[in-house]
Amino acid sequence: MIVKQMLMSAVEIRTEIDQLLNKIQSNNESFLKVVHSMLTTYVQEQDPVIGYNAAGKPMYASVAKEEFKARHEAVDRGEFITLEELKKESETWLQKTPLCNRQSL
């Protein structure tokens with residue numbers, strides 16, 4: 078059996094796994110949970126969680142890598158502001174708006 082597994086292609090292995098899982102009785106929920114847990118763990122290890130956003134949603138390594146790549150490409154295209162531009166823009170953030178200048182009614 079071990080020699081057979083070493084000579085099988087990925088497609089053959091997937092097919093055999095599918096056949097074996099179909100042979101398991103549906104009432105054997107505990108074994109299916111073990112298989113599910115193993116597969117889930119393996120997939121998560123391939124794309125680990127590297128952090129969480131403010132809402133608690135996990136950030137996966139593959140997603141972060143794509144976002145960082147897109148941001149780097151944007152910088153290469155000149156899509157950024159300088160520190161001086163940011164300082165100038167931020168000065169307006171705390172200025173009173175016309176609505177704030179109105180006296181209380």
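Under the working numbering, read the sequence shown as residues 78 to 182, first letter to last. Backbone N, C-alpha and C fix where the C-beta goes; we use that ideal spot for every residue, glycine too. All figures in this text were calculated on a predicted structure; none of them were measured in a lab.
**Prompt:** Just curious, the beta strand (DSSP E) that Ile90 is in, first and last residue?
**Reply:** Run containing Ile90: none in the beta strand (DSSP E); it sits in the alpha helix (DSSP H), Ala87 to Lys100.
**Prompt:** In terms of DSSP beta bridges, what is Tyr129 paired with?
**Reply:** Answer is Pro135, bridged to Tyr129.
**Prompt:** Can you find a heavy atom of the ligand SAM that lies under 7 Å from the Cβ of Pro135?
**Reply:** Within the structure as shown, the ligand SAM is missing, as the structure has no ligands at all.
**Request:** Return the CA-CA distance between Glu168 and Ile127, expressed in angstroms with no decimal places.
**Result:** Taking C-alpha positions only, Glu168 is separated from Ile127 by approximately 34 Å.
**Span separating the alpha-carbon of Met136 from that of Phe145** = One C-alpha to the other measures close to 12 Å.
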